[in-house]
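Heads up, the thing below is written out as structure tokens.
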Amino acid sequence: MLSLLLSAELTGVTDLRPQDTEEQPYFYTFKVQCTSCREVHPNWVSFNRFEQHDIPGSRGEANFVWKCKLCQKTHSASIVNGPHAYQGDEKRKGTKVIELDCRGLEFTEFKPDGEWEAKGIESSTPFTGIDLSEGEWVGTELIIRLKWGQTEYKGKLESIDSYMNVLLRDTEEFIDGKNTGTLGLVLIRCNNILWMGSADSVEMTDLGLR
């Protein structure tokens, strides 16, 4: 059994996983190696957990069926468990995103193509269409610190104009770290901003097969 393990730095979000439904399946992309002759296929291969393919010379089926060009042997693999969500507090041990039953082959590298999803820790707001192909993702929710007092605004970015004035929606106000209420749509002038940064981000720290 082979497992795809994920570790990541999550900011403001949790429950990170591939967007993977029968209507819109996620295609898992790997480099594959034959365990008989140790030949590594030069191209990436992709498959999903819903499609089944006949295994030649057998009555069985598998999600992925591959014939090694060097030794001419046919091998197969199927996703038997998952996908599981990665929680923000699992950084040290990581999460088994999927488990694969591999017969005659092994996957040596994974490429996180396709769309992932997560949800906000505080609001449970769903985030979909997350692109991790570059190893990280920054959301559209911002935290803005004002120049005076201990005031911060947290909300979804609506727009930034040419003068760097920021318009937030679904804005929450925090004073001295305490939530003082929801303000809705808020325009923040650039000369009032001390700093701003993303409230939601994902940075993969480890992605491997074991």
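All the letters of the sequence shown, read from the start, carry residue numbers 1 to 210 under full-length UniProt numbering. Note that beta-carbon positions come from the ideal geometry of N, C-alpha and C, so glycine has one too.
Selection V138, W148, E173 and L146 evaluated against G155 yields E173 as nearest (Cα-Cα). Secondary-structure assignment with DSSP links F107 through a beta bridge to V32. When the five nearest sequence neighbours on each side are left out, the beta carbons in the same chain lying within less than 7 Å of the beta carbon of L16 are those of A8, L10, A85, Y86, W116, A118 and V202, in order along the chain. For K111, the CB contacts under 7 Å within the same chain, skipping 5 residues up- and downstream, are T29 and W44 in chain order. Between L142 and A199, the C-beta gap is smaller than 8 Å, which places the two residues in contact. Beyond the five residues adjoining it in sequence on each side, N192 comes within less than 7 Å, by CB distance, of L146 and K147 in the same chain, given in chain order. The alpha-carbon of L209 is positioned some 7 Å away from that of E109. The three-state reading of DSSP puts N192 in helix, counting H, G and I together.
With respect to E99, M1 sits close: the two C-beta atoms are nearer than 8 Å. Of the residues M204, F107 and Q24, the one whose Cα lies closest to the Cα of G129 is Q24. Rounded to the nearest angstrom, the gap between the Cα atoms of T35 and F50 is 25 Å. In the three-state DSSP reduction, Y86 falls in the strand class (E or B). P126 counts as exposed, since fewer than 16 other beta carbons sit within 10 angstroms of its beta carbon. Contact between E39 and L70 is confirmed by a C-beta separation of about 4 Å, below the 8 Å threshold. K67 has its alpha-carbon roughly 12 Å from the corresponding atom of R103. Just so you know, the alpha carbons of V32 and V65 end up roughly 11 Å apart.
Here the alpha carbons of W137 and H75 stand approximately 35 Å from one another. Secondary-structure assignment with DSSP links G135 through no beta bridge to anything.
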